[in-house]
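So that you can map any letter, position 338 of the sequence shown is 321 in this note's numbering, and since no number is skipped, the others follow by simple counting.
Where is the CB? At the ideal position from N, CA and C, for every residue including glycine.
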Amino acid sequence: MTTIRQRRVGKGSEAAEDQPSEETNVKPDGRILSDPPGGKLWSILSVTVGGIVAISLGLLTSVYVATLHENDLWFSNIKEVEREISFRTECGLYYSYYKQMIQAASIQQGLHGLVYDNKTESVRTINILERMNVYQEVFLSILYRILPIQQYLEPVYFYIYTLFGLQAVYVIALYVTSWLLSGTWLSGLLAACWYITNRVDTTRVEFTIPLRENWALPFFAVQIAAITYLLRTHLQPAQERLTLMAVFIATFLFSLTWQFNQFMMLIQALALFILDSLDMLPTAKVTWLYIIQISGLLLVCVLQFFNSMILGSLLISFNVSVLIARTIQKNLKKGGLLNRLGKLILHVLLVLCLTLLINKFIKKILNLESDEHIFKFLKAKFGFGATRDFDANLYLCEEAFGLLPLNTFSRLSSTLLFYVYGFVLFLLTVAAIIVAFRNLSGSNQVHLKDKMEEYTVTLKPEVAYSLVHTVLFGCLALSTMRMKYLWTSHMCVFASFGLCSTEVWKLTLKCLHLYTSQRTQVIKYSIPLITLLYISFKFWPGIMDELSELREFYDPDTVELMNWIKSNTPNTAVFAGSMQLLAGVKLCTGRTLTNHPHYEDKNLRERTKQIYQIYAKRSPGEVHGILRSFGTDYVILEDSICYERRHSRGCRLRDLLDVANGHIMDGLGENEPDLKPSLYPRFCEEIKKNLPSYTMHFTRVFQNKTFHVYRLAKHK
-16 MTTIRQRRVG
-6 KGSEAAEDQP
4 SEETNVKPDG
14 RILSDPPGGK
24 LWSILSVTVG
34 GIVAISLGLL
44 TSVYVATLHE
54 NDLWFSNIKE
64 VEREISFRTE
74 CGLYYSYYKQ
84 MIQAASIQQG
94 LHGLVYDNKT
104 ESVRTINILE
114 RMNVYQEVFL
124 SILYRILPIQ
134 QYLEPVYFYI
144 YTLFGLQAVY
154 VIALYVTSWL
164 LSGTWLSGLL
174 AACWYITNRV
184 DTTRVEFTIP
194 LRENWALPFF
204 AVQIAAITYL
214 LRTHLQPAQE
224 RLTLMAVFIA
234 TFLFSLTWQF
244 NQFMMLIQAL
254 ALFILDSLDM
264 LPTAKVTWLY
274 IIQISGLLLV
284 CVLQFFNSMI
294 LGSLLISFNV
304 SVLIARTIQK
314 NLKKGGLLNR
324 LGKLILHVLL
334 VLCLTLLINK
344 FIKKILNLES
354 DEHIFKFLKA
364 KFGFGATRDF
374 DANLYLCEEA
384 FGLLPLNTFS
394 RLSSTLLFYV
404 YGFVLFLLTV
414 AAIIVAFRNL
424 SGSNQVHLKD
434 KMEEYTVTLK
444 PEVAYSLVHT
454 VLFGCLALST
464 MRMKYLWTSH
474 MCVFASFGLC
484 STEVWKLTLK
494 CLHLYTSQRT
504 QVIKYSIPLI
514 TLLYISFKFW
524 PGIMDELSEL
534 REFYDPDTVE
544 LMNWIKSNTP
554 NTAVFAGSMQ
564 LLAGVKLCTG
574 RTLTNHPHYE
584 DKNLRERTKQ
594 IYQIYAKRSP
604 GEVHGILRSF
614 GTDYVILEDS
624 ICYERRHSRG
634 CRLRDLLDVA
644 NGHIMDGLGE
654 NEPDLKPSLY
664 PRFCEEIKKN
674 LPSYTMHFTR
684 VFQNKTFHVY
694 RLAKHK
C-alpha cells in the first residue's frame, strides 16, 4: 500500500439588455458616451495593474502546488518506478499512453499503437483515442519530441509542469470572471486568495496530476469567463464574435479532455434554459451557446472516431429539444402572468418529453449501453429502488460518490468564504425571484431614471447566469462529493464578486435604509481589503509551514512487485487483478492487462466483474476457467482487498461480489432472505493454503506482505 512518510535526513432579462452596465456612461437615448481622457488613462492603468496581479497570482499558484508535490513525495530524488507508482489508479493508465508515445520509434508508430491497442485489454484490440480522452497526452508527447528540450527536461517533468502550468490558467480565469462580474480587479484578487487558502476543497492536482478533471477544469473556467463577458450588455459586433469564438475553443478543449464533459455541460445548459425561460438572458446569445455546446461535442465525437457515448449524450438531446420546442412555441414570452406560467409549464414538459424521446431513439439506433452504469448509480443513489447491480454498488460504496461531508463547510467557513457566499447567494436569490416575477407578469419597466434607480431591482444577465450556475453545481456537489471542485472554485468567484459589487451593497444598504453613494463605495473596497488582511494574517503562517514540511514517497511492496514483474515475466505476459493495481502494472512494466480503471465500456465492466471473482466464493476450476478465457498468465491477489476493513460490511468488494452472486455475506449482520450460502470458500483466502485442488491450476511465484502472484496452468 502506498504511504507518505517523513523524509529521512541525509536523503438579467432581455429588457436589461437596454440597461447600462455599471462601467459604461449611457445617454437616455441609449448612446454610449466616450470616457474623458483622464478616465481612460485611469482605466488603462487599472487594467494593466489588474492583469499583472492576475498573472502573478496564477504563476504563484503553479509554483505553490508544484512545491507541495515535490515536498510530499521528494519527486526529484525517488526512482523512476516510484515516480510512476505515485500516479495512482487511473492516473497511471493515462500517463502510460504519454510514456508509450514518447518511447515509440516514431510519432506515426506511436499513434498506430494507440489506434490498434492490444495491451490494454487482453484478447481484444481497441482504439484508445476512441475509448479514452487522451488527446492531451498525445499532443504533449509530440510537443516533447519536437522541442529541443530532451537534454534539459525529463518527460515526466514536462508532463507534470504542464499540468501545474494549467493551474495558472485556472486561477487567472477565476480572477477574470470575478473581475468582470464586479468591475474591480480587487474582486479577482480575493477570489484567487480564497482559491489558494481553500486548496483542500478547490483542487487535488498536486496528488492526482494526470486525472482528467485537472486537464479539463481550467478550460471550463476559461469558458465561464468568456460566457460572463458575452452576456454583458452593449458589446460591439466584433467583440461578440471574438467572445463566441473564445467560448467555442474553451468548450471544445473542455470536452476533449474529460469524459464527463457532457454531464457538466448539461447542467450548464439547464442554467441557460431556466434563465432564458424567465427572460433573464438575451435569447439570441443563449441560442448561440446551445449551438456551441452541440458543435463542440460533435467535433470531439469526430476526433474520437465517432464515439457513440457522445452521440447518445443527454446534452445533445436536450439542446436539440430546446431549439425544436422554441420553434414550435413562438409566442412563449408574450401574455400576462398566468398565461406565461401556463406556456412555461407546457414548454418544460415539451422539452423534457422531446429530450427523452430523442435520447431513447439515438441509443436504440446505436445500441448504446456505455453509460448505463451511471444511470443505474443515480437511480439507486436517489432512492428509486435498491439494486444488486455490481457496478452501481461499486460507485455507491465509494466515499467520493457519497454526499458532501459536513466538515467541508467548517473548512470553508474558517476562511470566511462560506459565510460571504451564503450572504451573497441569499441576497441575489431574492433579487432574482423579484426580477423573474416581474418579467413573467409583464410589468412595465420604463421608468424615469431617478425613479428606476430608487425603486427597481435589477439583475445583470452575467450575474443571473453566475447565480443559477452556482446553485446547480452546488446541488451537484452536495449530492456527489467528487464533483465539489466544480462548485468550490466558482464559490470563490461568486463570493468575491458579491463582496466587491456595487449592486449588492447598494441593495443591502437600501434594505437597511442606510444607502448613500459614498457609503457604498467605501464599503465596496474596505470590506474586501479587511477580508484579505484577515486571510493573510490567519493563513500565511500555515502555508509557510506546509511548504517547509518535507516528506518522502514510500511503497516498498509495490516497488518490489513491479521490479519482479519486469525481471521475471515475458513482455507478452497477461496480468489479472484489481483495476487500480493493473493501471500501475501497465505503466511500470508495459505488460498486457485483462481490465483497467477506465470504466465507460459495458464489455469492460462485465469483464471486470468476472475477473473480480478471485475475491468471491468460487471454485478454483471456475476461477481458472474465467481467467484463462481472457488469456491470463498471472493473477495478482491483494491482501488489502481480500481482508478489506476500509469499508463497512455490505460495501466491501467481497460483499458486493457475494450479493451479486446470490451468496450470504461474511461476518455478523443481516442478509437478504433469498441469499444462500456458497458451496465454496473464498478463493483469495483458500488459495494460500496450497491445497491440491488449487495447486493444479495455480502456482505461487511471488509474494510479499501485500501481494501474492500466481501463474496459471495452461490446460488443454
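Asked	Found
CA-to-CA distance, T185 to V618, given in whole angstroms	38 angstroms
V684 versus D638 - alpha carbon distance	28 angstroms
Cβ pair count under 8 angstroms reaching 3, the region 224 to 239 against the region 468 to 486	no
Beta-carbon proximity of V48 to V188, cut-off 8 angstroms	yes
Under the three-state DSSP convention, the category P66 falls into	The question names Pro, but residue 66 is Arg in the sequence shown. It is helical.
Beta-carbon proximity of L379 to N181, cut-off 8 angstroms	no
Close beta carbons around V159, own chain, < 7 angstroms, minus the five adjacent residues each side	A37, G171, A208
CB-CB length for V487 against L410, believed under 8 angstroms	6 angstroms
Q245 to H356 span [Cα, whole Å]	15 angstroms
Simplified DSSP state of K23, which is helix, strand or coil	helix
Bridge-paired residues (DSSP) for H691	L620, Q686
Whole-Å CB distance - L253 paired with L455, under 8 angstroms assumed	6 angstroms
Sequence-distant residues of the same chain with beta carbon closer than 6 angstroms to V476, five excluded per side	L157, T160, S161, A174
Under 8 angstroms between C-beta atoms of V152 and M263	no
Start and end residues, alpha helix (DSSP H) containing F373	373 to 379
Chain-order list of residues whose beta-carbon lies under 7 angstroms from that of C284 (same chain, five-residue window excluded)	N290, I293, L294
Ordered list of alpha helix (DSSP H) runs contained in the region 234 to 276, each at least 4 residues	244 to 260
Cβ-Cβ distance between N554 and G567 below 8 angstroms	no
Other residues of its chain near Y273: CB distance less than 8 angstroms, five sequence neighbours each side excluded	A252, L255, N302, V305, L306
Close Cβ partners of L704 (< 6 angstroms) along its chain, the five nearest in sequence each way excluded	Lying before the first or after the last residue shown, residue 704 is absent from the chain, which here runs from -16 to 699.
T682 versus Y693: straight-line alpha-carbon distance, rounded	5 angstroms
Alpha carbon of R629 to alpha carbon of N314, nearest angstrom	58 angstroms
Per-residue burial, M679 [other beta carbons within 10 Å of its own, 16 or more giving buried]	exposed
Endpoints, beta strand (DSSP E) assigned at E535	534 to 537
Sub-8 angstroms separation of M145 and L123 beta-carbons	A small fix is needed here, since residue 145 is Thr in this sequence, not Met. In this structure, L123 lies closer than 8 angstroms to T145 by Cβ.
Identified DSSP bridge partners for D528	Paired residues: none, contrary to the question.
Coil, strand or helix - T558 by DSSP	It is Phe, not Thr, that sits at residue 558 in the sequence shown. It is a strand residue.
Contact set for V106: own chain, Cβ-Cβ below 7 angstroms, skip 5 residues either direction	F613, G614
Spatially closest choice to P138 from K102, K82, I179, V117, by CA coordinates	K82
K364 versus T216: straight-line alpha-carbon distance, rounded	42 angstroms
Three CB pairs or more closer than 8 angstroms across the region 658 to 676 and the region 596 to 604	yes
Which of helix, strand or coil DSSP assigns to K659	strand
Proximity of M247 and E382 at Cβ, strictly below 8 angstroms	no
Simplified DSSP assignment, three categories, for H680	coil
Helix, strand or coil at T471 [DSSP, three-state]	helix
V117 beta carbon less than 8 angstroms from that of I109	no
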